[in-house]
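Peer 1: When the count follows my numbering, it moves up by one through the sequence shown with no breaks and lands on 322 for the last residue.
Glycine included, C-beta positions come from ideal geometry on N, C-alpha and C.
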Amino acid sequence: MLFRSLVGKEGHTFLLTFPSGTVRATVVYVDKETGIAVLVPEEGEEFPKVSSYEYVSSDTLKRGQTVMGLTGGGAVLTGIVSLVDTSGISTSLDTKKLPLGAPIITTSGSIAGIVRSDGSLSSGSALAAALSRFSKQE
């Protein structure tokens, strides 16, 4: 599970609530480049199963493309990509209404990015790179 580092530092434990129940999880890694934190469930706990997902490469995400984000209250916000570069993506989405670590998805359901603690958006490529760095340290 991914969250922005604003929610904690390595070793911090959280009680996460999902529609299917609650899970106690611990931060095991915080990526220094993106601030993305990786949480794992505590022994005997399990995160809910999700269907497969795909990241959109920064190379294939285009200006003018429609993206969406889910607010904490369950509303869907739509926006348009205005800029894609190596530092992230810019959209017309009001990121102040999106929860920490919210994924930004395309109309085809692929992950285009994730909301960072400063309200900016990491690209899907940056998210994939952070997960790769985490995998290499294990």
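For a minimum of 3 consecutive residues, which ranges assigned as the beta strand (DSSP E) are wholly contained in the segment 227 to 310?
Peer 2: Listed in chain order, the complete beta strand (DSSP E) runs (minimum 3 residues) inside the segment 227 to 310 are 250 to 254, 260 to 269, 272 to 275, 287 to 290, 295 to 299, 305 to 307.
Peer 1: Counting only the same chain and skipping the five closest in sequence on each side, list residues whose C-beta sits under 6 Å from that of A173.
Peer 2: Outside the displayed range of the chain (185 to 322) lies residue 173, so it cannot be described from this structure.
Peer 1: Since E238 contacts S276 with CB under 8 Å, what's their CB separation in whole angstroms?
Peer 2: By one-based count along the sequence shown, residue 238 stands at place 54. By one-based count along the sequence shown, residue 276 stands at place 92. With a Cβ gap of about 23 Å, E238 and S276 do not count as contacting.
Peer 1: Short of 8 Å in beta carbon distance, which residues of its chain neighbour T206, apart from the five on each side in sequence? Order them along the chain.
Peer 2: If you number the sequence shown from 1, residue 206 lands on position 22. If we look at T206 and ignore the five residues flanking it on each side, its Cβ neighbours are L199, L200.
Peer 1: Would V222 and V234 be called neighbours here (beta carbons separated by less than 8 Å)?
Peer 2: Residue 222 sits at position 38 when you count from the first residue of the sequence shown. Residue 234 sits at position 50 when you count from the first residue of the sequence shown. Going by C-beta atoms, V222 is not nearer than 8 Å to V234.
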